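Colleague:
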Amino acid sequence: MRKLDVVYWSLSLKAEAARQGTSSCLQSSLATKYCACLFVHSAMENFPKGRGRGRGRSGDGGRRGGRGRRSHHQGYQHGQESRAGNPNPNYPTQQSSYQPISGHEGSFRQVPTSGRGQSGGPTRSTPGSGPACVPSGEGSSRGSGPAWGGKRAEKVPIQSPISDPQVAELTSLDISLALTPSPASRVGERVPVKRPDNGGKWATQFSQLLVNHFPIKYNPNLIIFHYDVDIKPEVTPKQGRSLRITKSLMHMIRNKLFSDLPKNFPMAKTAYDGEKSIFSAVKLPAGEFEVEMSMEEGQGSCAFMFTINLVKELPLQKLENYLRGTLSSIPREILQGMDLVMKENPTRHRIQIGRSFSSNNSDNIGLLIASREFQHSLKLTSQGLALCSDYSVLALLKKVPVLQFLRDHIPNFKLNYGPVPHWVTKKIEKALKGLKVTVIHRTTKRKYIIRGLTSSVTNNLSFPIEDPMVSIQREVGLVEYFKDKYNKVIEHRYLPCLDLSKGGKMNYVPMEFCVLVEGQRYPKDRLDMLAGDVQSNFNRFALAKPSVRKDCICTMVKADDGPCGGGIAQNFEIAVSEHMTEVTGHVIQPPSLKLGNVNGEASRVTVSGDCQWNLIGKCVLEGKRVERWAIIDFADRNVKLNYIQFARKLVIRCRKLHIEMKEPLFYEPSEMCELRNSKQLSKHLSSICSRAKEISGGQLQILICAMSEKDAGYNNLKRICETEIGIMTQCCLSKNANKDKGLDQYLANLALKINAKLGGSNVELFEKLLRLEGNGHVMFIGADVNHPAAFNTSSPSIAAVVATMNWPAANKYAARIRLQDHRVESIKHFGQMCLELLEAYARINKVKPEKIIVFRDGVSESQFDMVLNDELTDLKSAIESDGYSPTITLVVAQKRHQTRLFPKDRNQGGPTGNVHPGTVVDTTIVHPWEFDFYLCSHYGSLGTSKPTHYHVLWDEHRFTSDDLQSVIYNLCFTFARCTKPVSLVPPVYYADLVAYRGRQYYEALQYSASSASPSSLSTSSSFDQSVSLKLHNDLENVMFFC
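Written out as structure tokens, the structure reads:
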């Protein structure tokens, strides 16, 4: 019976009821038949051959339904699912059996706590969560149809064959309802595309690899019980106020209750997240339980009310169904529970730092400790469920006084009992901001967060207090207050205080009374600002060889205090293999490149086995003439740039590369301190531009800026030059520019960057990219969002979009930058930014691109829905116009994952023990049916190579796996700054650079504002943010960021 026949039959019965009046008996009989019809209709709608697509928002406080998938042309015979129609060919076919899908299983209570049970992105509904009619051959084809993403079709008007007007009206209404997505679904919603084939086949060689995915077996018949936990302290009589409950205290309270009542609460069969959720292998009693806890010394005991209620029963059969392809919605709540089970044993035996667990594998680096911290997650892959385990190296602080830390690690910091220069103060603030400290001037174990530094030195700080003798306020100095209150004499009065304020309550404490908390993480991006060899020593420990990393991971998985120890996983009937997953990777052929030769002609270059090429006897393909340039030297006196030698050698090196460079117009000496004075720097740079114009009669092309060290003033320089004045700059460290050893390679790198910034072309692909041949133009777009540091709670996020401005070379880019709300990942003005770039492309090339390929960086799987249905929609709405509708492919590039590839045998890898450049894995460890793959495009000379995970969300070009993998790999050879392929596709790489440059602009504005503000350095100033990051018109469409 056809689906439409069932719908018509059911509606005819309902129409018959309308004609025959309101007899309750007849109504009941017809209603029964009608419900049976709808059941059959629903069964057909939900039958595995066509998994309905629906995404819902039910009325329970915005709880999100999911997206299903519909595959067309997938055959079934006698209830047996054909292998061609199975979304996951790695699972055997099974006898199809339909069971009506129920609502929430078990008792459910919506818990008003973010992050519980649902992730930030979409979950997927069970099949048929909302009726949706998709004509065959349209929409999102998941079977043998097109391999692109598709919209759900709009409702289809059907002519009613019933002549009775009243019945026809009723029938028309019901057919309309049957063909319209439910209110819980979004009409036209896009979903990720399905894998178009069984993986890539093109290869120069195949290699056996080990992947840090450990297969998991579980009992699909098991039910995990999810409980909501609420812990509230009783009011303590001694203090008369509630006690703040930390995560560690919550664990202690849970442990105390479970140890007191082991029969009711079996500890070994539960997992707790330390906040609101407990997952259990057995049912637990619900209700309220009082727990008496002994607190810290001097605080006595305290009673807590422990409330536990069942939220939901989670049958693991749903996870099995998803992996087999018979359920389209990812069972995220089940994954959350199982992931917590795997973390329970390490949580009980190790120190948890964020999502990682501490280890004994560490190394001392001055006042820091480099420590290997392990983490793991669950992956839904083609081979089934797997535990992905890896480690990262963190820089942890030792327990040390703040002044000792500054004395040992901050350059130019001296306790000379005199005023500290403002630029040194800024370095101190950057090194300390966000760290936790304890105080020693009074007895407390409380930890405080450093919000910043005071704008005035300690000796000049004062505040009003109430004098109890006269009941009036008087002003008291901080030095006097500490002497009277704590009998402490402040020795270093010319240093600023640490601002430890919280919640509007002022709290300034001299640095000499503060101690850094032991074991806290020190941001890696601050290591390079520390004195000594901290950065190099840290890297030496962090960049372990692949064999060392592989052994460390396997040891951790097998450890008694690891995820598989303690018997907890076994109590949930979960078994984890101790062996890594073995896969077959294929290595893609590297492309032939187009470079210039000594005769100025284009030549074909074949890269070596490590995919690197040198410039000996070769030139850039298109060298720009550099006729108007100058040097400004900010370096300190003892490391001033040897500008005569530097300029002469740079000119010679550029000319060898066919970059015609004249002698500099002039050399301008300056000082590092000028970099930190925005007004003075802007005035000086403007005068340099004017002087260059007077000498040459034209605009300065590029300004070489020498510095003695990396400095916050660099941000000032870039912001002023690129947003106010409109001149290109190239910075260098004088100590590197003055060297004799290795200078030729250093100058070649500078020359490549200078040429790219001025619009030249360093290297191109010799042949056009596959599947993109033809006369039509193609544009590549990269997008990324840069977020503020973890401790920053107010600064905006920076969105950046870059796009190619030429074809077929596709190696010249333009960029746009926007500010948006704090920590918002969705690019607010994505469509408008892309439209601006498209218009720039049209002005340059006199034609618009017919094909667009978008690469999006920095989003997790839970945010795919946002990218597909918000950003892509915004893009299409902005650029599509009368007669112009380019085809679009959207790919997410992910680097923040834990998957690592290791050669199984030494002869399977390269000289450093890493996989070969161009290695692709697109089976076994990838998504069960969506289009994704891992590509290691770079040569790993240090440490363990990390592949990039590419996930195709939308594809209107019908790429095969081989086609898209080749396009991305070939693009990695076109990065302008080096002579080797990079690890990330260039549009995304450049977008990341531009977003970070926007962050530098913003920090420069903050720096300038705080320098001029009399208030604390930790307070933010107000200014027109939307205008402040606007690029100068002269630099909008060139690679200033290169």
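Using UniProt numbering, the first residue of the sequence shown is number 1, and each one after it goes up by one.
For glycine and all other residues, C-beta sits at the position ideal for the given N, C-alpha and C.
Treat the numbers as computed from the prediction; the structure is a model and nothing was measured.
Got a sec, what are the start and stop residues for the alpha helix (DSSP H) Trp423 sits in?
Modeller: First-last of the alpha helix (DSSP H) with Trp423: His422 to Leu432.
Colleague: Pull up the DSSP beta-bridge partners for Lys436, would you.
Modeller: Answer by DSSP bridge pairing, in chain order: Ile449.
Colleague: Beta-carbon separation of Gly199 and Thr923 under 7 angstroms?
Modeller: Yes, the Cβ-Cβ distance between Gly199 and Thr923 is below 7 angstroms.
Colleague: Check whether the Cβ atoms of Glu764 and Lys594 lie closer than 7 angstroms to each other.
Modeller: Contact flag set, yes.
Colleague: Over what stretch of residues does the beta strand (DSSP E) that includes Ala575 continue unbroken?
Modeller: Run containing Ala575: Ile574 to Val576, per the beta strand (DSSP E) assignment.
Colleague: Please say whether Glu722 and Leu1005 have beta carbons closer to each other than 7 angstroms?
Modeller: It is not a contact, given that the beta carbons lie outside the stated cut-off.
Colleague: State yes or no: is the C-beta of Phe206 within less than 7 angstroms of the C-beta of Thr584?
Modeller: For Phe206 and Thr584, yes; Cβs fall inside 7 angstroms.
Colleague: For Lys757, name the three-state secondary structure that DSSP assigns.
Modeller: Lys757: helix per DSSP, three-state reduction.
Colleague: For residue 1080, which residues does DSSP report across the bridge?
Modeller: Given that the chain is displayed from residue 1 to residue 1042, the structure contains no residue 1080 and the question cannot be resolved.
Colleague: Quick one, are the C-beta atoms of Asp711 and Leu750 less than 7 angstroms apart?
Modeller: Not closer than 7 angstroms, so no.
Colleague: With a threshold of 16 other CB atoms inside 10 Å of the CB of Asn1037, please say whether the residue is buried or exposed.
Modeller: Classification of Asn1037: buried, given that the 10 Å Cβ count is 16 or more.
Colleague: By a C-beta neighbour count over all protein chains shown, 10 Å radius and 16 as the cutoff for buried, is Met506 buried or exposed?
Modeller: Exposed, by the Cβ-count rule.
Colleague: Give every residue of the same chain whose Cβ lies closer than 7 angstroms to the Cβ of Leu935, excluding the five residues on either side of it in the sequence, and list them in chain order.
Modeller: Excluding positions up to five away in sequence, the list reads Val920, Pro947, Thr948, Tyr950, Gln965, Ile968 and Tyr969.
Colleague: Within the same chain, show all residues whose beta-carbon is closer than 7 angstroms to that of Gln745, passing over the 5 residues directly before and after it, in chain order.
Modeller: Cβ neighbours of Gln745 beyond the five flanking positions: none.
Colleague: What separation, rounded to the nearest whole angstrom, lies between the Cα atoms of Leu495 and Val457?
Modeller: Computed Cα separation, rounded: 5 angstroms.
Colleague: If you measure between the beta carbons of Leu752 and Asn762, is that distance less than 7 angstroms?
Modeller: Yes.
Colleague: Could you pull out every residue in the same chain whose Cβ sits closer than 7 angstroms to the Cβ of Ser941, ignoring the five residues on either side in sequence?
Modeller: Result list for Ser941: Thr912, in chain order.
Colleague: Tell me which same chain residues have a C-beta within less than 8 angstroms of the C-beta of Thr438, skipping the five on either side of it?
Modeller: Correct list, in chain order: Thr444, Lys445, Arg446, Lys447, Tyr448, Cys514, Val515 and Val517.
Colleague: If we require 3 or more residues per run, which beta strand (DSSP E) segments fall completely within the region 313 to 391?
Modeller: For the region 313 to 391, whole beta strand (DSSP E) runs of length 3 or above, ordered along the chain, are 362 to 365 and 368 to 381.
Colleague: Under the rule that 16 or more other beta-carbon atoms within 10 Å means buried, what is Met295, buried or exposed?
Modeller: The residue in question, Met295, is exposed, as its Cβ has fewer than 16 Cβ neighbours within 10 Å.
Colleague: Alpha carbons only, please: which of Lys545, Ile853, Ile410 and Leu461 is nearest the one belonging to Val534?
Modeller: When only C-alpha atoms are compared, the closest one is Ile410.
Colleague: For Arg51, is the classification buried or exposed, using 16 other Cβ atoms within 10 angstroms of its Cβ as the cut-off for buried?
Modeller: Confidence at Arg51 is low in this model, with a pLDDT of 37, below 50, so the placement of that residue is unreliable and no value is reported for it.
Colleague: DSSP puts Tyr227 in a beta bridge; with which residues?
Modeller: DSSP lists Ile278 and Leu310 as partners of Tyr227.
Colleague: For His563, tell me which candidate among Asp390, Leu380 and Leu310 has the shortest Cα-Cα distance.
Modeller: Residue identity differs from the one stated: residue 563 is Pro in this sequence, not His. Checked all of Asp390, Leu380 and Leu310; the closest Cα to Pro563 is Asp390.
Colleague: To which residues does DSSP link Lys505 through a beta bridge?
Modeller: Its beta-bridge partners are Lys502.
Colleague: What residues are listed by DSSP as bridge partners for Ala395?
Modeller: Paired residues: Ala370 and Tyr522.
Colleague: From what residue to what residue does the beta strand (DSSP E) around Cys514 run?
Modeller: Per DSSP, Cys514 belongs to the beta strand (DSSP E) from Cys514 to Leu516.
Colleague: Any C-beta of chain D sitting closer than 7 angstroms to the C-beta of Leu838?
Modeller: Absence of chain D from the displayed structure is noted, only one protein chain being present.
Colleague: What span of residues does the beta strand (DSSP E) with Arg856 cover, start to end?
Modeller: Note, Arg856: beta strand (DSSP E), Lys851 to Asp857.
Colleague: Are at least three pairs of beta-carbons, each pair with one atom in the region 695 to 714 and one in the region 634 to 645, less than 8 angstroms apart?
Modeller: Yes, the region 695 to 714 touches the region 634 to 645.
Colleague: By the 10 Å Cβ neighbour count, where 16 or more other Cβ atoms means buried, how is Phe1040 classified, buried or exposed?
Modeller: So Phe1040 counts as buried.
Colleague: Closest to Leu717 by C-alpha separation, out of Arg997, Gly384 and Lys846, would be which residue?
Modeller: Nearest of Arg997, Gly384 and Lys846 to Leu717, Cα basis: Arg997.
Colleague: With C-beta atoms as the reference, is Lys558 less than 7 angstroms away from Gly760?
Modeller: Against a cut-off of 7 angstroms, the Cβ pair of Gly760 and Lys558 comes out as no contact.
Colleague: Give the straight-line distance between the Cα atoms of Leu378 and His787, rounded to the nearest whole angstrom.
Modeller: Cα to Cα, Leu378 sits roughly 26 angstroms from His787.
Colleague: Could you pull out every residue in the same chain whose Cβ sits closer than 6 angstroms to the Cβ of residue 1043, ignoring the five residues on either side in sequence?
Modeller: Here the chain has residues from 1 to 1042 only, and residue 1043 is not among them.
Colleague: DSSP three-state call for Met833: helix, strand or coil?
Modeller: In the structure shown, Met833 sits in a helix (DSSP, three-state: H, G or I).
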